[in-house]
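Colleague: So the mapping is simple: the numbering used here equals the position in the sequence shown, first residue as 1, plus 94.
We treat Cβ as the ideally placed atom computed from N, Cα and C, and that holds for glycine.
Fair warning: this is a prediction, and the values are worked out from it, not measured in the lab.
Quick one: structure below, then a few questions.
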Amino acid sequence: MSDIQKYKMLIDGKRVDASGGETFESMNPFTGKTWAVMPRGTREDADRAVAAAKKAFTSGEWPKLTATQRGHLLRKLGDLVAEHAESLAATEVRDNGKLLAEMGMQLKYVPQWYYYFGGLADKIEGAVTPIDKPEHFHYTRHEPLGVVAAITPWNSPLLLAAWKLAPALAAGNTIVLKPSEFTSASSLEYAALFEKAGFPPGVINVVTGYGHEIGAALTEHPDVDKITFTGGPETGKRVYATGASQLKRVSLELGGKSPNIVFDDCDMDNAVKGAISGIFAATGQTCIAGSRLLVQESIHDEFVEKLVTMARTAKMGDPMLMDTQVGPVTTVPQYEKILSYIDIAKGEGAEVRLGGAKATRAECGNGYFVEPTVFTGVNNAMRIAQEEVFGPVLSVIPFKDEEEAIQIGNDVVYGLAAGVWTQSIRRSFIMAEKLRAGSVWVNTYRAVSYMAPFGGYKQSGVGRENGQDAILEYMQTKSVWMSYATETANPFIMR
Ligand code: TXE
95 MSDIQKYKML
105 IDGKRVDASG
115 GETFESMNPF
125 TGKTWAVMPR
135 GTREDADRAV
145 AAAKKAFTSG
155 EWPKLTATQR
165 GHLLRKLGDL
175 VAEHAESLAA
185 TEVRDNGKLL
195 AEMGMQLKYV
205 PQWYYYFGGL
215 ADKIEGAVTP
225 IDKPEHFHYT
235 RHEPLGVVAA
245 ITPWNSPLLL
255 AAWKLAPALA
265 AGNTIVLKPS
275 EFTSASSLEY
285 AALFEKAGFP
295 PGVINVVTGY
305 GHEIGAALTE
315 HPDVDKITFT
325 GGPETGKRVY
335 ATGASQLKRV
345 SLELGGKSPN
355 IVFDDCDMDN
365 AVKGAISGIF
375 AATGQTCIAG
385 SRLLVQESIH
395 DEFVEKLVTM
405 ARTAKMGDPM
415 LMDTQVGPVT
425 TVPQYEKILS
435 YIDIAKGEGA
445 EVRLGGAKAT
455 RAECGNGYFV
465 EPTVFTGVNN
475 AMRIAQEEVF
485 GPVLSVIPFK
495 DEEEAIQIGN
505 DVVYGLAAGV
515 WTQSIRRSFI
525 MAEKLRAGSV
535 WVNTYRAVSY
545 MAPFGGYKQS
555 GVGRENGQDA
565 ILEYMQTKSV
575 WMSYATETAN
585 PFIMR
């Protein structure tokens with residue numbers, strides 16, 4: 095038990111255990127063994143963290159800082175993330191099973207969120223209105239909301255925390271961050287950087303524990319002004335309903351069943367790579383996974399052949415090795431869910447063209463691995479085409495023409511992303527317009543940036559992250575009226 099790492103939460107600038115003293119274990123999905131224990135935060139801990147965030151919002155140093163000074167702190171945090179990128183990446187690989195090759199890239203990129211929103215902090219300007227009332231002056235102010243509860247999932251903890259923290263802090267809010275119980279370690283290590291960067295105590299708090307315990311307590315807390323949540327659709331709906339009961343601001347980034355659409359006029363080799371990165375990167379555990387591959391009938395068989403040939407070469411194994419291409423599934427429930435969807439697809443009559451089972455390759459050891467799986471003969475009404483699997487499982491669906499591609503592409507409850515592979519400019523514009531998704535990629539897939547607004551249409555979410563849209567999700571507009579009339583008008587008449 096001695097080499098098991100013990101973590102503490104961060105509340106009001108102090109490293110603390112859970113109030114009840116309880117902990118839970120975190121597993122390394124490659125070894126299948128417990129490697130760390132985390133505090134099992136309680137309702138009381140949620141109260142303490144929210145109280146600290148509220149105090150930091152209303153008194154002390156934070157509310158006195160200018161927007162420019164907040165920007166400096168954010169940029170300092172970005173520098174510190176860059177400095178600690180290697181060790182944070184290693185923690186994420188151990189806790190989450192993400193590939194070191196991907197985490198290295200991701201953590202080099204994460205600082206950009208702090209630099210971008212640090213720069214944006216002092217550029218959110220109100221307006222002077224040419225108001226229609228004589229002898230009145232009117233202007234607007236964009237003000238922070240207050241205490242933000244940021245709830246993150248297990249698939250990309252530090253990246254998704256940055257998507258929330260950077261705009262929320264730039265806007266002047268204070269935060270309680272709760273990472274997923276499956277992958278809390280990196281966020282707790284991250285917490286050490288907040289103090290180093292110079293954020294006053296209580297501005298950013300990090301609590302850990304189960305979603306139905308401390309997660310629910312945060313969303314129900316009357317002093318939480320805004321909830322920003324990334325996670326599964328069912329939990330998202332519950333969080334939305336809880337937020338609605340107190341009319342809190344809520345933004346949600348939920349699942350997807352994104353179509354990756356391949357036309358017969360595409361560059362086929364590029365499209366094959368795009369299809370593979372859409373579904374097998376990050377072991378398919380991404381909300382933007384291109385899990386429905388729509389292929390035009392005229393090239394269907396040739397394309398599937400090329401796709402399967404390339405996907406078959408994917409190297410699985412230890413995520414710490416730089417040449418591993420497909421790592422383990424992060425959690426045991428997720429592993430079971432993926433295998434059960436593979437059975438569902440088989441039961442529905444889909445044909446396994448690749449994989450279709452757990453991976454028993456020697457290099458996968460005792461880890462939770464699923465073979466990269468390709469199903470053909472899928473029609474869009476099947477559950478495998480309608481429901482999010484969140485794993486390396488691709489459903490190939492044939493289509494006749496543009497019109498049918500749009501119809502099938504949009505025929506799901508989700509609308510997070512879509513890909514289009516074509517050499518036609520006309521078709522690119524039409525598809526970009528007609529696909530009901532928050533992000534549309536043409537001849538590329540999985541591109542995201544701190545500059546580009548990201549979010550869902552339909553049941554994929556509410557609100558936008560990234561880009562200039564994101565900061566306004568953490569602000570509210572105040573209308574200020576001033577009169578310079580020498581005499582106040584008739585009080586019984588509305589002006
Ligand atoms: O997510 P949850 P889970 C999808 C994916 C996956 C499914 C379930 O399909 O199979 O969701 O994953 C916290 N009040 N995505 O169970 O439950 C929880 O502690 C407040 C897509 O891991 O949504 C964690 O911090 N919070 C997704 C966070 O919510 C609660 C990424 C997400 O957990 C809570 C991950 C409650 N009642 C999974 N219950 C994406 N959009 O990328 C749980 N939580």
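I need the DSSP call for H230, collapsed to helix, strand or coil.
Modeller: strand
Colleague: Would P422 and G461 be called neighbours here (beta carbons separated by less than 7 Å)?
Modeller: yes
Colleague: Can you list, in chain order, the residues of its chain whose CB lies under 8 Å from that of A546, leaving out five sequence neighbours each side?
Modeller: S533, N560 and G561
Colleague: Okay, do the segment 462-479 and the segment 309-319 touch, 3+ Cβ pairs below 8 Å being the bar?
Modeller: no
Colleague: Looking only at its own chain, which residues have a Cβ that is under 8 Å from the Cβ of L167, when we skip the five neighbours before and after it?
Modeller: L159, G212, L263, A291, G292 and F293
Colleague: So, for P413: in the same chain, excluding its five sequence neighbours on each side, which residues have a beta-carbon less than 8 Å away from its beta-carbon?
Modeller: F124, V187, G191, K192, L193, L194, G421 and P422
Colleague: Going by beta carbon distance, what residues of the same chain come within less than 7 Å of Y233, once the five residues before and after it are set aside?
Modeller: G220, A221, V222, T223 and V574
Colleague: Beta-carbon within less than 7 Å of D505's beta-carbon, same chain only, minus the 5 sequence neighbours each way: which residues are those?
Modeller: N474
Colleague: Going by C-alpha distance, which of R332, Y304, A375 and T454 is nearest T136?
Modeller: T136 has its Cα closest to that of Y304, out of R332, Y304, A375 and T454.
Colleague: Work out the CA separation of L282 and M95 for me, nearest whole Å.
Modeller: The predicted model places M95 with a pLDDT of 49, which falls under 50 and marks its position as unreliable; any figure quoted below should be read in that light. Approximately 20 Å between the Cα atoms of the pair.
Colleague: Measuring straight from C-alpha to C-alpha, what distance separates A255 and Q379?
Modeller: 17 Å
Colleague: Buried or exposed, going by whether 16 or more other CB atoms sit within 10 Å of the CB of E581?
Modeller: exposed
Colleague: With distances taken Cα to Cα, identify the nearest neighbour of V301 among T324, P273 and A286.
Modeller: P273
Colleague: Alpha carbon to alpha carbon, how far is F397 from V366?
Modeller: For F397 and V366, the distance between alpha carbons rounds to 7 Å.
Colleague: With C-beta atoms as the reference, is P261 less than 7 Å away from Y568?
Modeller: Contact: yes.
Colleague: For the beta strand (DSSP E) holding P74, just list the boundary residues, first then last.
Modeller: What the structure shows of the chain is the stretch from 95 to 589, and residue 74 is not part of that stretch, so it cannot be assessed.
Colleague: Tell me the residue span of the beta strand (DSSP E) that contains V270.
Modeller: Unbroken beta strand (DSSP E) run through V270: T268 to K272.
Colleague: Is G349 near the ligand TXE, in the sense that its beta carbon is under 6 Å from a heavy atom of that ligand?
Modeller: yes
Colleague: Under DSSP, the beta strand (DSSP E) around A512 begins and ends at which residues?
Modeller: A511 to W515
Colleague: Quick one: what's T223 bridged to in DSSP?
Modeller: According to DSSP, T223 bridges with H232.
Colleague: Roughly how many whole angstroms lie between the Cα atoms of W129 and T516?
Modeller: 47 Å
Colleague: Closer than 6 Å to a non-hydrogen atom of the ligand TXE - does that hold for the CB of N249?
Modeller: yes
Colleague: By DSSP, does V534 sit in helix, in strand, or in coil?
Modeller: The answer is strand: DSSP assigns V534 an E or B state.
Colleague: On the DSSP bridge list, what partners appear for Q570?
Modeller: E237
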